[in-house]
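Heads up: the sequence shown begins at 3 in my numbering, then just goes up one per residue. The beta-carbon is built from N, C-alpha and C at its ideal position, and this holds for glycine as well. Being a predicted model, the structure only gives us computed values, none of them experimental.
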Amino acid sequence: MQEKYMKMALRLAQKAAREGEVPIGAVVVADGKVVGRGYNVRTKRQLATAHAEMRAIDQACRKLHSWRLEGAKLYVTLEPCPMCMGAVLNSRIEKVYFGAYEQKGRSLTEALANANLLNHRVQVTGGILEKECSALITEFFSSMRARERAASSPAVLPSQSPDDGNAT
Ligand SMILES: [Zn+2]
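Spelled out as structure tokens, the structure:
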């Protein structure tokens, strides 16, 4: 079941990648139904808060006409940042399942989940389809670096290429 919803989140992340955004996708599930979907659109919108989780939580609140998402579960392809964990607490989401672990040690996920802020504790489980989720992000950044290298190196003119002379 967890993998089914994580696959949905992965598809949303792939959509983000196609639009040139860091590939992160999120899904909110309440009573066995998907009530919110989101993917990262920070660059396109130039909005610091346009993370996948924020968008999925916003959509779920609008759909259920409630800021309280008690009993709901959030599936997200990357370990949530502190802002998104704040939104999880504020919306009273019960469980968070994430895929890839934040690599740079900047995560406060555990601390925030257990801080008992707002009298609400969140259960967090990481590593759901971890390989797929982290591969997507790794591929995105390595292809971005390759594009940057290609753009910054001067174009090789045909006359300068080593196989010059063999050209037809
Ligand atoms: Zn976030």
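Contact check, residue i vs residue j, beta carbons under 8 Å
i      : j      : result
Ala11  : Val24  : no
Ile59  : Gly73  : no
Met8   : Leu138 : no
Gln125 : Lys106 : no
Cys86  : Glu112 : no
Gly27  : Glu81  : no
Cys83  : Leu71  : no
Cβ shell of residue i (< 8 Å), same chain only, five flanking positions each side left out
i      : result
Arg123 : Ala115 and Asn116
Residue i - partner residues in DSSP beta bridges
i      : result
Lys35  : Ala32
Leu80  : Ala102
Tyr41  : Gly27
Gln61  : Answer is none; Gln61 lacks a bridge partner.
Val124 : Its beta-bridge partners do not exist; DSSP assigns none.
Lys97  : Lys75 and Gln125
Own chain partners of residue i with C-beta closer than 6 Å, once the 5 adjacent residues on each side are dropped
i      : result
Cys135 : Thr79, Gly101 and Ala102
Arg57  : Gly40
Tyr99  : Gln4, Tyr77, Thr127 and Ile130
Glu104 : Glu81
Assigned exposure category for residue i - 16 Cβ within 10 Å defines buried
i      : result
Pro156 : exposed
Ala148 : exposed
His53  : buried
Leu14  : buried
Lys75  : buried
Closer than 7 Å between the C-beta and any heavy atom of ligand 1: which residues qualify, listed along the chain? Sorted by position in the chain, His53, Glu55, Met56, Pro82, Cys83, Met85 and Cys86 make up the residues whose C-beta lies under 7 Å from a heavy atom of ligand 1.
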